Every structure is written in C-alpha cells, then in structure tokens.
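In this note's numbering, the protein residues as written are 1132 to 1430.
Ideal Cβ positions, reconstructed from N, Cα and C, are used throughout, including at glycine.
Being a predicted model, the structure only gives us computed values, none of them experimental.
Report on the following structure.
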Amino acid sequence: MKEIYLTFDVEDFTDPKVNNKTLQFVVEELNKLELKGIFFITAMRAKNIDKKTAMLLKEHEIGYHSSSHSVRPIIFEFTDVEDYETAVEESLKRETHNVNIKTWKLSKNKGGIFEVMKIKEDVKSFRAPGYSWSPPHLEALKELGIEFDFSTKMQNKAFSFKKMTHFPFPVKKNALFYIQAFMSDPVVVDWHPESFVKKGWDSIFRFGNPQSIKKANLLDVQSINRNKNTFIGFIRKIRFMLDVGLLKHSGECKKAIRKISINEKKVEREYRRASFWPMKYFNYKAKYVEAHFKNYFGV
1132 MKEIYLTFDV EDFTDPKVNN KTLQFVVEEL NKLELKGIFF ITAMRAKNID
1182 KKTAMLLKEH EIGYHSSSHS VRPIIFEFTD VEDYETAVEE SLKRETHNVN
1232 IKTWKLSKNK GGIFEVMKIK EDVKSFRAPG YSWSPPHLEA LKELGIEFDF
1282 STKMQNKAFS FKKMTHFPFP VKKNALFYIQ AFMSDPVVVD WHPESFVKKG
1332 WDSIFRFGNP QSIKKANLLD VQSINRNKNT FIGFIRKIRF MLDVGLLKHS
1382 GECKKAIRKI SINEKKVERE YRRASFWPMK YFNYKAKYVE AHFKNYFGV
C-alpha cells in the first residue's frame, strides 16, 4: 500500500499576523482528521512564527525551505560559480545565517536552518523554493543533516542517490489526482497556506531586493472561504482513502532503497525543469549550474 505525504511550503515573512492565523487553521484542520503534515519552513518565516503556531507545528514534521526563498541572490544565483566546491561553501554559509531584512545582507549570528530548528530540532527534509534545486546546495544541506529531498522530478518513484532520498514530484489536486497518484510512489501533495488568503507575496523580488517590504494584497472574503473549503474537502477525501485502505499515512519520511538509472538526457531535462523558476520569475539564466548537475550525477 502506498504512503501519502501532505506537504506545505511556509515562506511569506512579510505579514506574520495573517500568515500565522492561516497556518493555525491548516494545522487544526489536519489535527481534526488525525493527519500529519510536513511543513517546509524558511528561516525568515520561522523567525516570526508565534508561540501558539509553533506549539501546533511540533506535532508534525518540520522541513527546511531555504534561508530566504526569493530574496536575492536565490539558490540558482549564489551557486552559479564555476567551482563546485566554492558553490558548496557559499551554500553552507547562506543556509547557516539569517538575512537582515533592512540591508539584505547576511547576519554574523547563526541562523538559517538553525532558526527552523528552534521550532523542532529534528529537521531532516528539504524542498527548494520553486522546486529549483542546485546540486552543490543540496550537498551543503546534507552536511547540515538533510536526508530527504522533495524538489526533484526525475522519476515518479522515490529513489536513493548519494545517501539522499529523493521523493517524487507532487501530484495535482484536480481531476488528474487519481491518475497521478496511481503512478506515483509514494504520493506527495503540496499546498502553500499563504495562497489561501492572499496573492503572491514574492513578486517584489523579481528585479532585485526592494528598498522596503510590501505585503501582498489579501483576497476577497469569498475567495478565502472557497480556498479554505477546498482544502478541507480535499483532506477529507484523503482521510476517506486512508479509512478504506487505499493509502497509508504516517507523516514520517522513510528512506528509499530504489536506485535511479542515470543518463545525460535525464540530467539535462531535470536541469531545464529546475531552471524554469529562476528564469520565469527572476529573469535569471545560470551559466554554470548545468555543469554542476552533470558533475553531481557523473554524466
């Protein structure tokens, strides 16, 4: 029987009051149905999660979603250097320090993944912002204790590579759900809780870091209620599928035994997919990251 993972990207640090309330709603609805989520949280968002929300989250798995998500430079930018090891070192520095939102520079004090560990110490899973992962960055995270990656789309079955378990890409939450869930193992579903109540928050970083933070506009009440009800309806469907034995669910990541067959075309295809988010939303075309992909996979 297949496992299903309910995952959530928690990233918008610009409006903590609204976002904490929305996150509480999500966790409370999961708890009502005895479901467990994996919450991928950025360091900048972790800093403004309040005590009530943090206590609710402790009953679920906490994953890492990078230090600063869309703050420039993004992962594809700061790993876009010719030397692979230099990219690893830069990733280690950026994922262990916080970003000052007034200057956009790295702070001297420890932060990054350690900020997320203040919510729950055992942080072993990761999802890249925009699913735009970079091999030297993932190598750095492995040094920081990450064992499970939810960013790749190389096959629809979980696989192990270089002591890292890679989970399949999330399935659609529409009419294609049943087809994709049938083909995927395990089944991964994802949400962005902030999108239940507001429009995209990170467009302010498209052309560089802004001089001041601007909150995203809230949706109208009708849209918010519709989004929340859609979420409730979907997780109730998941609960039913669990109750009748179609799926199983623990919320705990499990290591994959399956290996992956690697070839150059498959690696090039994954690079193009991973580079889509930086190019579309930040107009950034990397120079060296494709070579890092080929180096990582040995093709």
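For THR1283, the closest alpha carbon among the candidates TYR1402, GLY1429, PHE1207 is that of TYR1402.
Listed in chain order, the non-local C-beta contacts of PHE1362 below 8 Å within the same chain comprise VAL1157, GLU1160, TRP1322, PHE1327, local neighbours out to five positions each way being set aside.
For the options VAL1430, VAL1247, LEU1349, the alpha carbon positioned closest to that of PHE1171 is the one of VAL1247.
The residues LYS1133, LYS1288, in chain order, have a CB closer than 6 Å to that of ASP1316 in the same chain once the five nearest residues on each side in sequence are set aside. DSSP links HIS1228 through a beta bridge to LYS1241. Contact annotation: the stretch 1210 to 1228 touches the stretch 1248 to 1268, with at least three C-beta pairs closer than 8 Å.
Taking all protein chains in view, the Cβ of ILE1193 is crowded by 16 or more other Cβ atoms within 10 Å, so the residue is classified as buried.
Spatial neighbours of LYS1397 in its own chain (CB-CB distance under 7 Å, excluding positions within 5 residues in sequence) are listed in chain order as MET1285. Per the C-alpha coordinates, the member of HIS1380, ALA1417, ALA1387, TYR1427 positioned closest to ILE1393 is TYR1427.
For ASP1316, the secondary structure class from DSSP, reduced to helix, strand or coil, is strand. Between ILE1135 and ILE1369, the gap from beta carbon to beta carbon is short of 9 Å. Rounded to whole angstroms, PHE1290 and LYS1241 show a C-alpha spacing of 32 Å. By the C-beta density criterion, ILE1388 is exposed, having fewer than 16 other C-beta atoms within 10 angstroms. Bounds of the beta strand (DSSP E) holding THR1138 are 1135 to 1141.
Around the beta carbon of ARG1176, 16 or more other beta carbons sit within 10 angstroms, so the residue counts as buried.
DSSP lists no bridge partner for GLU1208.
Within 10 angstroms of the beta-carbon of ASP1181 lie fewer than 16 other beta-carbons, which makes it exposed.
Take the alpha-carbon of HIS1191 and the one of LYS1233: they are about 32 Å apart.
The continuous alpha helix (DSSP H) containing PHE1371 extends over residues 1352 to 1374.
Taking 9 Å as the cut-off, the Cβ atoms of GLY1261 and PHE1407 count as close.
Fully contained in the stretch 1169 to 1213 are the following alpha helix (DSSP H) runs of length 4 or more, in chain order: 1174 to 1177, 1182 to 1188, 1206 to 1209. Taking one beta carbon from each stretch, the stretch 1410 to 1418 and the stretch 1201 to 1213 have 3 or more pairs nearer than 8 Å; the two touch. If you look at MET1295, you'll find it in the beta strand (DSSP E) that goes 1295 to 1297. Residue burial is scored here from C-beta neighbours: LYS1345 has fewer than 16 other C-beta atoms within 10 angstroms and is therefore classed as exposed. Residue ARG1258 holds the alpha-carbon nearest to the alpha-carbon of HIS1200 among ARG1258, GLN1155, LYS1189, LEU1187. Residue pairing by DSSP puts ASP1321 in a beta bridge opposite THR1138. Around the beta-carbon of LEU1187, 16 or more other beta-carbon atoms lie within 10 Å, marking it buried. Taking every protein chain shown into account, the CB of LEU1154 has 16 or more other CB atoms within 10 angstroms, so this residue is buried. When the Cα atoms are used, THR1184 and ASP1280 turn out to be separated by approximately 25 Å.
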